[in-house]
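For the sequence shown, counting from 1, position 232 maps to 232 in full-length UniProt numbering; every step adds exactly one. Cβ coordinates follow ideal geometry from the N, Cα and C atoms, glycine included. Quick caveat: nothing in here was measured; it's all calculated off a predicted structure.
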Amino acid sequence: MTPTEGIGSLAAQAFRASILDFTSAPTVEGSGLRFYEDGILVLDQSGNVIALDHAEVLLPSLSQVKTAHFPGKVIMPGFIDSHIHFPQTDVIASYGEQLLDWLNNYTFPAEQRFADYDYASNVAEFFLDELMRCGTTTAMVYCTVHPQSVDAFFSASERRGSRMIAGKVLMDRHAPDALTDTAESGVQESADLIDRWHSNGRQLYCLTPRFAPTSTELQLTLSGELLASSPGVYMQTHLSENHGEIAWVKALFPERKHYLDVYDHYGLLGPTSVFAHGIHLSDDELQRLSDTGSSIAFCPTSNLFLGSGLFDLERTRSFNVGASIATDVGAGTSFSQLHTLNEAYKVLQLQGLSLHPFEAFYWLTLGNAKTLRLDDKIGNFETGKEADFIVMNPQSTPLMAYRYEQCSSLAEKLFLFMTLGDDRLIQATYLQGRQVYQAADV
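(1) Look up I426 in the DSSP assignment and give the residues it is bridged to.
(2) Taking the runs of the beta strand (DSSP E) that are 3 residues or longer, which of them lie wholly in the segment 261-349?
(3) If I measure Cβ to Cβ from S334 and keep anything under 7 Å in the same chain, skipping five residues before and after, which residues do I get?
(4) Could you pull out every residue in the same chain whose Cβ sits closer than 8 Å to the Cβ of T2, ignoring the five residues on either side in sequence?
(5) State the start and end residues of the unbroken beta strand (DSSP E) segment that holds F15.
(6) Name the residue from V233, P357, L252 whose alpha carbon lies nearest to the alpha carbon of L268.
(7) Can you tell me whether DSSP reads M1 as helix, strand or coil?
(8) Starting from residue 450, trace the alpha helix (DSSP H) both ways and give me its first and last residue.
(9) With G224 as the anchor, note down where its beta strand (DSSP E) starts and where it stops.
(10) If you draw a straight line from the alpha carbon of A25 to that of E359, how long is it in whole angstroms?
(11) Should R210 be labelled buried (16 or more other beta-carbon atoms within 10 Å of its own) or exposed?
(12) Kindly indicate which three-state DSSP category K73 falls into: helix, strand or coil?
(13) Which same chain residues, not among the five before or five after A439, have their C-beta less than 6 Å away from its C-beta?
(14) Find the nearest neighbour of Y266 within the set N303, E225, T237, judged by alpha-carbon distance.
(15) Distance, Cα to Cα, D283 vs F275?
(16) Roughly how many whole angstroms lie between the Cα atoms of L207 and V145?
(17) Express the C-alpha separation of Q219 and K370 in angstroms, rounding to a whole number.
(18) Pull up the CB-CB distance for F417 and L425, whole angstroms please, since I reckon it's below 8 Å.
(19) Among the residues of its own chain, which have a CB less than 7 Å from the CB of V91, if the five just before and after it don't count?
(20) Compare the beta carbon distance of L41 and F381 with 7 Å and say whether it is the shorter of the two.
(21) Nearest-angstrom Cα distance between T316 and C134?
(22) 7 Å is my cut-off, CB to CB: does L52 come that close to chain D?
(23) In three-state DSSP terms, what is Y437?
(24) Assign S63 to one of two classes, buried (16 or more other C-beta atoms within 10 Å of its C-beta) or exposed (fewer than that).
(25) Taking the beta strand (DSSP E) that F79 falls in, what are its first and last residues?
(26) So what does DSSP say about D53, is it helix, strand or coil?
(27) Around the C-beta of residue 497, are 16 or more other C-beta atoms found within 10 angstroms, so that it is buried, or is it exposed?
(28) Do you know offhand how far M400's Cα is from E37's?
(29) Buried or exposed: where does residue 447 fall if 16 or more other Cβ atoms within 10 Å of its Cβ makes it buried?
(30) State the start and end residues of the unbroken beta strand (DSSP E) segment that holds L204.
(31) So what's residue 447 in DSSP terms, helix, strand or just coil?
(32) Return the chain-ordered list of same chain residues with a C-beta closer than 6 Å to the C-beta of L115, the five sequence neighbours on each side being excluded.
(33) By a C-beta neighbour count over all protein chains shown, 10 Å radius and 16 as the cutoff for buried, is A251 buried or exposed?
(34) Alpha carbon to alpha carbon, what distance is there between G167 and S230?
(35) How would you write the range of the beta strand (DSSP E) that Q88 sits in, first residue to last?
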């Protein structure tokens with residue numbers, strides 16, 4: 001029996017198009033990248049991958065299998081966003097201010113509304129619709145201090161069948177009374193949410209102290225203890241985004257040698273810990289992130305919008321610190337990871353670096369999956385993985401269509417996608433082979 005002869009009996013559905021994914025970090029020459037000009041992706045009844053190959057190889061085995069054909073389109077694994085705030089959907093594109101004033105004037109007033117489950121549920125539905133419309137199938141998400149905001153979010157995600165990581169904000173000081181918990185109540189609510197949601201289907205929990213200034217030493221202590229006793233649970237927070245923030249942390253924790261040392265002291269570093277921003281880090285902090293396997297989420301549109309600074313990717317990588325890429329909505333100015341790549345390219349250009357399109361799309365897919373320790377489940381089309389993917393339409397706008405016809409290489413086409421692409425490029429989004437978004441006819 002040939003390797004493809006048994007596929008037809010296992011296959012539930014198949015998808016035909018140009019297909020692209022990555023098996024490892026790519027080189028500019030293209031190693032680590034798989035591209036099938038005319039390929040077929042085959043899924044089993046659970047929506048997991050059972051085969052990927054050239055159409056001419058697989059078609060003889062699929063005569064009885066329903067095959068969706070997308071001529072002229074490109075299929076790629078769904079994008080992954082490593083830092084985003086679902087309640088800040090309400091404040092995206094709010095004018096003015098830098099980080100701390102922006103939190104007080106926009107974010108905190110908006111987040112108080114999420115005490116209402118129905119309100120939180122409605123925003124969660126819109127938020128997830130927007131992610132799917134932009135081709136993002138997995139994200140690491142901030143909810144609010146209210147446990148009901150987490151229940152609303154995970155319930156909406158569960159209905160879609162999306163793989164999401166999310167958590168309740170821990171915040172027991174320096175915030176409005178309506179947004180504060182206590183050290184004990186916040187951690188107990190988090191523990192209850194872990195029991196309810198972590199590894200429940202495709203949902204994963206993330207312990208979420210907002211950032212060091214809004215948690216007391218007791219809350220950070222209890223958070224570290226909960227993290228240590230909860231295998232597989234993630235931790236997300238913010239780190240060294242803004243000079244005013246860093247000075248505030250120093251004033252609040254004078255006994256700690258630097259900002260990261262606050263989190264380190266309370267046991268919040270580790271392979272499942274993701275720190276957003278990390279723009280203004282010392283060598284000692286970068287080395288400690290590396291030693292503990294912790295990672296940074298690079299948020300270019302947010303950093304530019306709030307005037308926080310330019311993330312130094314080259315220096316971060318020189319310490320062997322993992323860096324994912326994220327939208328950081330609502331200070332981030334777009335749900336689209338394509339738009340985020342566009343801004344990342346510019347941030348790196350200002351530092352004398354060029355973000356190659358192969359690296360860029362690896363970052364959005366397998367790269368972010370590896371950083372989030374999810375590469376055994378998502379990120380590419382290896383056999384057995386969950387088939388979350390998108391269909392991209394190079395004819396989505398007149399300018400895109402015009403320029404696409406002039407591109408002579410795959411790298412040029414992908415660079416076009418990350419420079420001119422946005423939500424309009426996404427024709428359809430699938431979660432484990434089930435369509436959850438379809439663009440209107442163009």
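Straight from the coordinates:
(1) Paired residue(s): M392.
(2) Secondary structure in the segment 261-349: the beta strand (DSSP E) runs of 3 residues or longer, each lying completely within the stretch, are 273-277, 295-298, 322-325 in chain order.
(3) Result list for S334: T301, T327, T340, in chain order.
(4) Below a pLDDT of 50, predicted positions are generally treated as unreliable, and T2, at 44, falls in that range; the measurement from the model is reported next regardless. If the five residues before and after T2 are omitted, its C-beta is found closer than 8 Å to no C-beta atom of its own chain.
(5) Note, F15: beta strand (DSSP E), 13-22.
(6) Nearest C-alpha to L268 among V233, P357, L252: V233.
(7) No answer about M1 holds up, because its pLDDT of 32 lies below 50 and its placement is not dependable.
(8) An answer regarding residue 450 cannot be provided, because it is not within the stretch 1 to 442 covered by the chain.
(9) Premise fails: G224 lies in the alpha helix (DSSP H), 217-228, not in any beta strand (DSSP E).
(10) If I take the Cα positions, the gap works out to 7 Å.
(11) With 16 or more other Cβ atoms within 10 Å, it is buried.
(12) K73: strand per DSSP, three-state reduction.
(13) Closer than 6 Å at the Cβ level, and outside the excluded window around A439, lie Q427.
(14) That would be E225, whose Cα lies nearest to the Cα of Y266.
(15) In this model, D283 and F275 are separated by some 16 Å (Cα to Cα).
(16) Pairing L207 with V145, the inter-Cα distance amounts to about 11 Å.
(17) Roughly 30 Å separates the two Cα atoms.
(18) Indeed, because the Cβ distance is near 6 Å, the residues count as touching under 8 Å.
(19) Sequence-distant partners of V91 (beyond 5 residues in either direction) whose C-beta falls short of 7 Å from its own C-beta, in its chain, are Y106, T107, A110, G330.
(20) Taking 7 Å as the Cβ cut-off, L41 and F381 qualify as a contacting pair.
(21) Answer to the nearest angstrom: the Cα atoms are 28 Å apart.
(22) This model lacks chain D altogether; it includes just one protein chain.
(23) Looking at Y437 - three-state DSSP - the assignment turns out to be strand.
(24) With fewer than 16 other Cβ atoms within 10 Å, it is exposed.
(25) Element bounds for F79: 79-85.
(26) Residue state, collapsed to three classes: strand.
(27) Lying outside 1 to 442, the shown extent of the chain, residue 497 is not represented and no answer is given.
(28) Those two C-alpha atoms are separated by around 19 Å.
(29) No information on residue 447 is available, as it lies outside the stretch 1 to 442 that the chain covers here.
(30) That run of the beta strand (DSSP E) goes 203-209.
(31) Given a span of 1 to 442 for the chain in the structure shown, any question on residue 447 remains unanswerable.
(32) Residue identity differs from the one stated: residue 115 is Ala in this sequence, not Leu. H146, listed in sequence order.
(33) Around the beta carbon of A251, fewer than 16 other beta carbons lie within 10 angstroms, which makes this residue exposed.
(34) Taking the straight line from one Cα to the other gives about 14 Å.
(35) Here Q88 belongs to no beta strand (DSSP E), and DSSP marks it neither H nor E.
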